[in-house]
Every structure is written in structure tokens, then in C-alpha cells.
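2 protein chains.
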Amino acid sequence: MHPPPRLEEIRQAHERIRPHIHRTPVLTSALLDRESGARLFFKCENFQKAGAFKSRGACNAVFSLSAAEAARGVATHSSGNHAAALARAAALRGISAHIVMPQNASAPKRQSVAGFGGQIVLCEPTLAARESTCAEVIARTGATLIHPYNDDRIIAGQATAAVEFLEEVPDLDVVITPVGGGGLLSGTAIAAKSLRPGIRVLGAEPLQADDAAESLRAGRIVDKPARTIADGLRTLLGDRTFPIIQANVDGIATASEDGIVAAMRRLWEVLKILVEPSSAVPSAVIREHPELFAGQRVGIILSGGNVDLDALPW
Amino acid sequence: MHPPPRLEEIRQAHERIRPHIHRTPVLTSALLDRESGARLFFKCENFQKAGAFKSRGACNAVFSLSAAEAARGVATHSSGNHAAALARAAALRGISAHIVMPQNASAPKRQSVAGFGGQIVLCEPTLAARESTCAEVIARTGATLIHPYNDDRIIAGQATAAVEFLEEVPDLDVVITPVGGGGLLSGTAIAAKSLRPGIRVLGAEPLQADDAAESLRAGRIVDKPARTIADGLRTLLGDRTFPIIQANVDGIATASEDGIVAAMRRLWEVLKILVEPSSAVPSAVIREHPELFAGQRVGIILSGGNVDLDALPW
Numbered sequence: 004m005h006p007p008p009r010l011e012e013i014r015q016a017h018e019r020i021r022p023h024i025h026r027t028p029v030l031t032s033a034l035l036d037r038e039s040g041a042r043l044f045f046k047c048e049n050f051q052k053a054g055a056f057k058s059r060g061a062c063n064a065v066f067s068l069s070a071a072e073a074a075r076g077v078a079t080h081s082s083g084n085h086a087a088a089l090a091r092a093a094a095l096r097g098i099s100a101h102i103v104m105p106q107n108a109s110a111p112k113r114q115s116v117a118g119f120g121g122q123i124v125l126c127e128p129t130l131a132a133r134e135s136t137c138a139e140v141i142a143r144t145g146a147t148l149i150h151p152y153n154d155d156r157i158i159a160g161q162a163t164a165a166v167e168f169l170e171e172v173p174d175l176d177v178v179i180t181p182v183g184g185g186g187l188l189s190g191t192a193i194a195a196k197s198l199r200p201g202i203r204v205l206g207a208e209p210l211q212a213d214d215a216a217e218s219l220r221a222g223r224i225v226d227k228p229a230r231t232i233a234d235g236l237r238t239l240l241g242d243r244t245f246p247i248i249q250a251n252v253d254g255i256a257t258a259s260e261d262g263i264v265a266a267m268r269r270l271w272e273v274l275k276i277l278v279e280p281s282s283a284v285p286s287a288v289i290r291e292h293p294e295l296f297a298g299q300r301v302g303i304i305l306s307g308g309n310v311d312l313d314a315l316p317w
Numbered sequence: 004m005h006p007p008p009r010l011e012e013i014r015q016a017h018e019r020i021r022p023h024i025h026r027t028p029v030l031t032s033a034l035l036d037r038e039s040g041a042r043l044f045f046k047c048e049n050f051q052k053a054g055a056f057k058s059r060g061a062c063n064a065v066f067s068l069s070a071a072e073a074a075r076g077v078a079t080h081s082s083g084n085h086a087a088a089l090a091r092a093a094a095l096r097g098i099s100a101h102i103v104m105p106q107n108a109s110a111p112k113r114q115s116v117a118g119f120g121g122q123i124v125l126c127e128p129t130l131a132a133r134e135s136t137c138a139e140v141i142a143r144t145g146a147t148l149i150h151p152y153n154d155d156r157i158i159a160g161q162a163t164a165a166v167e168f169l170e171e172v173p174d175l176d177v178v179i180t181p182v183g184g185g186g187l188l189s190g191t192a193i194a195a196k197s198l199r200p201g202i203r204v205l206g207a208e209p210l211q212a213d214d215a216a217e218s219l220r221a222g223r224i225v226d227k228p229a230r231t232i233a234d235g236l237r238t239l240l241g242d243r244t245f246p247i248i249q250a251n252v253d254g255i256a257t258a259s260e261d262g263i264v265a266a267m268r269r270l271w272e273v274l275k276i277l278v279e280p281s282s283a284v285p286s287a288v289i290r291e292h293p294e295l296f297a298g299q300r301v302g303i304i305l306s307g308g309n310v311d312l313d314a315l316p317w
């Protein structure tokens, strides 16, 4: 297999996507520092375009395509933030985005994709149906598949958040991100270890969706059921992301469901920002494993802010 | 009566409070611009210390006191953001803050004041009881009364938000703030008209608490019942704030209760930030009276972000 993205590709990605993304702010809170016993820095990708870091990878993938590839459009199967981000990126380049979504995807998620001009293709709510429908769309249109995470262009794009983070706060001791499919975590690990070799990089996942922790222990991608409120983290690692995580990540820590909800609420109350449940998992890890962070300068990537205000978990 | 604060006093206030407050960011949204037909700039005082612009005035008042005055502490009667901001400011100066609150003040509001070290004095939930209890506390302690808005130190402090706003976005056509007691609006009007004479300054208030609009029409402070979700705006103008508003404000526009809730929700969804109902009133005014803002560069002061997450209005 070809080698993973290096800092050079990440910097190219950053130049490529710069006109199309926000350089998101870093927030701090003396109160949350006191509560955690650490010094916390929050990189606010909830303020990112389309409400999540996914716009970084999606823009990098879409703007990496040749003109001939681009003319045939892009496709993916996703009901989450990647779908909206890809639809937006495609619209910016003036090309089609075919988004395969399960019939039971929520109205807000459909509206978000449609609002960015994505062409929704509904299918049965099974992984098999999603993959076969997506393959059909690609066969029919010639569109390029843009996988949500198992794609080097996506990994390099997601990594740009860590580049900005370390430009703004160069002396972080540790950086922690949520881990679902591993696009954000693997990209963050490459960027952070390249820019600051001594930094620790941790993944955070729900105890009830701890496939990444188990995969690291087993030395292979483990498939297990995920039952968590953190809907962005229900996916498994991919064969591009897993080896990068094995080579560059110092550990995966887990948090309880109650802890995720409590951490999410605390972020809302103190920082006055909306973050989605997946984004609160690193903060929940810090609350439940304070010994891992005591006295350290901790960078947390708040991955997204797309929540259903009619279905808050408290 | 002595003249109102001038730009010079506002600049002095800004220097005085600078170590104790945030310089809050200004957010924009292409989506909200499209929806409004105007170019909107949001000055995020919901990110201010203690969660509201009130920290500006409270810090200016507390740090304006002589050493002898300060030694006897400060007092106020309030159950809202001013109470927490004053408690915090007093703690920063290392002096006592006596906060008279009605017995039925909510637990979060008491906790906020207590969390900043304020000494809570409970009283019956009537204005008469609040004023007499506050007078007793002052007679007993010699504390200085810091009124929530009808005080030139408070007005000058609140005005500093507009100074920062125009430093960051110098070419605003109009600036709009909520109006309750008028501290923020009067200070904003002095600062904005001094720095940019041609600017329009508007107040925004709930239709169901339109005492400020009626006061301007009547030429005197009108007392009328306020029944609004915007709990920060249920107060009347004062004899310091009203003449400033008469002289410097171009108009007061109103919004419906449904419009306030809808605008609040839209700000949460799009900007991914928490704002309290009072903060959403200017946005509601823009939605309900778009002709006042069409094509203009509109500065909106988002006054605060202290909301009860267990009692959201949707």
C-alpha cells in the first residue's frame, strides 16, 4: 500500500481549501480549567462551514479532482456531517454530489444536504443497501466516490485543523480528538507529531462504541456493535486510518454515555456554544480520566455543532 | 443634572476594565445575511465574562470606587446578569458584594451569584421589598449601591462594547441593541454617535414590553406591565438613561414573542452559539421589519448567553 499522507500533503491541502473553510477560533475557560485540573484549549470546528471539521476533508477531496473527474461529480453514502460537507464542497466547485442516504435519515439531515444542493438518493437502511446503491450511482454517472474517512485526501484535509491549532497554541502537551472512522484522529496524529514530535495524541470514544480501543489492543480492525448517543462515532476504522493510528496515536480513552451528556451540557453552559454529542467525548474522557491530563496543556478538537434542538439529551 | 458620560469617560472606562473583561469576537453568517437581506455583524457579549455585557459596567463601577468606598463593599438588587457580574467584579477587587434577590429567584441564578462569591440577601418578591432590603443592607454596611443601569459608571462601561465593535467593523450603517433599563442602549448610542456621527442607533424591545418605545413617543418614562420571555428586558428606563436615549437613539422597534423565540433558535442553529431570549430581540426585529435594514451593514450586540437548558422555549 502507498504511504500515508505526510505533512507536505497536509500543507498542500491547507492551501487548497483555505478559500473555502473557516480558520476556527480557539476558546479557553478558567472555570473548565479549574474543574479539570488541566489547561484546556478548544479548537472550535463546530463553527466550521457546514458545522463540522468534515468540510476540511470534503473540500480537499473535491478540489483535488482533475477537471475531467470533477465533471462527472462525486458520490458518497452517509447521513451525517460528511454528506452535508461534500454537498457544499461540490456546489462550490459547481459539480454534482450524489448523496446516498437511508430512507430513515432525519428530516434535518436531509434538509442540510438538500440545502447545499446535494442530490439525495434514498435506499434501505442497511449498510449493504447503502453500498450497492452508491455503486449503482457511480456506475451510472461516473462520479468519484469520496469516502467519509478511508481516503488520503480526506485524512489530509482533516489534518489541517491540527496545523491551525498548533500554529495558535504551539506548546500543547497533548491533543485529543473523537474517533469514529478515524479520519480526524489519523490526520491530527500525522500533523501533530510532525510539527511537535514530543506531543501526545489521544483518541476519545464512547465506552459503548469502543471499537477503536479494542482494535488497537487486538492489532486488527475490530467490528463490534456501537450503541451510543455520539452518532458521529458509530463507524469502524478503515484500512487507511487504522495503520496511521497504530503508528502515531498514544492511546484511545473511553467515556460513559452519562459522562458524554454531562460534558456536552457543561460545554454549552460554560462556553456558550453548541457542540454535538460526538464533540463532547474528549471532554467526557478528561472528566472521567483526569489523571491522564493533570497539569497539562490539552488541545481538544470540538468536532461539530450540528444538533437537533428538538431532541436534546437532558 | 450633570451631563451624561462622553466618549472620554467611555475610553477611561475601557482602560479601567480591560484586564477584567473579554474583547469579544464579531461573528458573521452568509446564511443569515441571505435570510435578512442585510449584512449582519454579531458582537458576541454572550461570550463575555459572567455570560453578559453586564460585566463591563459592573467592572467599571467597582474599579471606579475609591479605596475607602471599596472597603465598605457594593450592593445591588437584581436577580439577573447584573447580580452575577457585580459579584464577580467585587471578587476581583477583593471586596464584598451584597446581592438582594427575591426568594423565588431560580436556583441557577442564585448559584451563579454565589459561585462568584456574592453574599445573597433574600427578600420578598416585590420591588418595594427589594428596595427596602437593599437600603437596609447599605445602612448597615456602608456599601455603595451599584444600580443595574441608572448609573453613569454603568452606562460608560456598557458603552465599551460599541467602541470595540466599531474598531472591528468601522463602517456599520446601523447598530441595534436590546433595551430594558437602557444602560446598554444609552452607552452604545453615545459611543457610536461619537465615533461615527452618521450611524443610526436603534433599540429593540418586545412588543409585550414596549415601555421604551412608548416612553419615546410620550416624552416621559412610561410605566407599563411587561409580559415577555425576554427576562432581561422587563425593566423600565431610568432618569439617567432616558434622556440619553431621547437625544441619541433614532428609534425603538418591537418584535413579537413568537418572533423572539424563532430568532433565538435560528441564532443557535446557524451561529452554533447560545444566546438568551433578550439577546435575540434585535434579530427578531430585523426579521419582522426587514425594510429598516435592507442592504445595510447592521451591527447587533448579542447581549448575553445565560439560559436555563432545562427550560428552552421550543
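In the order they appear, the protein sequences are chains A and B.
One gets my numbering by counting positions in the first sequence from 1 and adding 3 to each.
One gets my numbering by counting positions in the second sequence from 1 and adding 3 to each.
C-beta atoms are modelled at their ideal positions from N, C-alpha and C, and glycine is treated no differently.
Owing to the predicted nature of the structure, the values given are computational and were not obtained by experimental measurement.
query	result
Straight-line Cα distance separating B:H17 from B:G184	21 Å
CA-to-CA distance, B:R42 to B:E294, given in whole angstroms	13 Å
Contacts around A:Q249, its chain only, beta-carbon distance under 7 Å, and the 5 residues preceding and following it disregarded	L219
Coarse secondary structure for A:G254, derived from DSSP in three states	strand
Proximity test, Cβ basis, 8 Å: B:I263 and chain A	no
For B:V278, the three-state DSSP class (helix, strand or coil)	coil
A:A78, DSSP secondary structure in three states	strand
CA-to-CA distance, B:F44 to B:Q299, given in whole angstroms	11 Å
Residues sharing a beta bridge with B:I304, DSSP	B:K46
B:G206, enclosing beta strand (DSSP E) - first and last residue	R203 to P209
Closer than 9 Å at the beta carbon, the chain B residues around A:P28	P28
Selection from B:P7, B:E11, B:G54 and B:I13 that minimises the alpha carbon distance to B:H25	B:G54
Option in A:S82, A:C62, A:P8 and A:H80 with minimal Cα separation from A:A73	A:C62
DSSP-derived helix/strand/coil call for A:I98	coil
Span separating the alpha-carbon of B:A78 from that of B:L277	29 Å
Top-ranked residue by Cα proximity to B:E171, from B:L30, B:F245, B:G235 and B:A297	B:L30
Chain-order list of residues whose beta-carbon lies under 8 Å from that of A:Q106 (same chain, five-residue window excluded)	L125, C126, E127 and P128
The beta strand (DSSP E) enclosing A:I141, as first and last residue numbers	Taken as a continuous stretch (DSSP letters only), A:I141 belongs to no beta strand (DSSP E), being part of the alpha helix (DSSP H) at L130 to T144.
A:L169 - DSSP class collapsed to helix/strand/coil	helix
Check whether B:Q122 and B:I102 have beta carbons under 8 Å apart	yes
Chain B contact residues for A:N49, given Cβ-Cβ distances below 8 Å	K275
B:H5 burial status per 10 Å Cβ neighbour count (16 or more: buried)	exposed
Per-residue burial, A:R230 [other beta carbons within 10 Å of its own, 16 or more giving buried]	exposed
In DSSP terms, what A:L2 is bridged to	A query on residue 2 of chain A cannot be resolved here, the shown segment of chain A reaching from 4 to 317 and no further.
Nonlocal neighbours in the same chain, by C-beta distance under 7 Å from A:I141, ignoring five residues either side	A78 and L148
Reference B:P8; option with closest CA among B:A192, B:R37, B:I179 and B:S109	B:A192
Beta-bridge pairing of A:Q122 - partner residues as DSSP gives them	A:H101
Collapsed DSSP secondary structure at B:L10 in the structure displayed	helix
Buried/exposed call for A:E11, threshold 16 Cβ in 10 Å	exposed
Per-residue DSSP class, three states only, for B:T238	coil
Three-state class that DSSP yields for A:P181 in the structure shown	strand
Three CB pairs or more closer than 8 Å across the segment 231-240 of chain B and the segment 278-286 of chain B	yes
Residue-chain proximity (B:E272, chain A), Cβ-Cβ < 8 Å	yes
Cβ pair B:R156, B:A64 closer than 8 Å	yes
Option nearest B:S82 by Cα separation, candidates B:F56, B:S109, B:A159 and B:A70	B:S109
Segment limits, alpha helix (DSSP H) that includes A:S286	V284 to E291
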